[in-house]
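Working notes, structure below.
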Amino acid sequence: MCLKFSLDLVHKLLKSDTLQTRGESFTSKLQYQQSATENVFMTFQLDCPKLLKLTGLPGRLIVSLFEHSSVVEHVKSPAGQTSPDIHAVAKEIAPINGVDLLKIHNILLEKWLCTPGQTNGKAQIIERLLVPVFVTTGPPVPGLCD
């Protein structure tokens, strides 16, 4: 009896125009987010295939931005060449996709700063990369590496 009721309810929902309308609006929202994110990449000349594949996963996308090879190149030769402003890209992408940028910054801080035995120069890269974050968002979270 319950199964028959559930099936009837599902059939009604499938025939309902509101479900189709909600599906269409959700699809258009996803298409907007993807095209707006791609537009930001093109504006900052970061339209590489690896990043474009992650447009459906905005959290991972922003993490990949901060781990992009241009960041390391910029730290090694800051005056030599122009590189994209990763912070500006992340700040534009986060509200488009409804991502909490501060939460991602904290996750990256835990990942990068709490690993024992960093000897490959990551500390200098991290320091230069995250200085603008502290200036705009405040001091690091107390007890981050506890």
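If you're matching positions, the sequence shown starts at 1 in the UniProt record's numbering and goes up one per residue.
Note that the Cβ used here is the ideal one computed from N, Cα and C, for glycine as well.
- Taking C-beta separations shorter than 7 Å and ignoring five residues to either side along the sequence, K15 has no partners in its chain.
- Restricting attention to P95, A88, V99, E67, the CA atom closest to the CA of L108 is found in E67.
- In the three-state DSSP reduction, P49 falls in the helix class (H, G or I).
- In this structure, A36 and I62 do not form a Cβ contact; the two beta carbons are roughly 14 Å apart against a cut-off of 8 Å.
- Its Cα nearest to that of P84, the residue L65 stands out among L30, L65, T18, F26.
- Collapsing the DSSP output to three states places D8 in a helix.
- Contact check for L102 against A90 fails: the beta carbons are separated by 8 Å or more.
- In the displayed model, E92 falls within a helix according to three-state DSSP.
- In this structure Q34 is in contact with T55, their Cβ atoms being roughly 5 Å apart against a cut-off of 8 Å.
- Between the alpha carbons of E92 and G59 lies a gap of roughly 13 Å.
- When secondary structure is reduced to three states using DSSP, F41 falls in the helix class.
- In this structure, the alpha-carbon of N39 lies about 10 Å from that of L46.
- Counting along the chain, P58 sits inside the alpha helix (DSSP H) bounded by residues 58 to 66.
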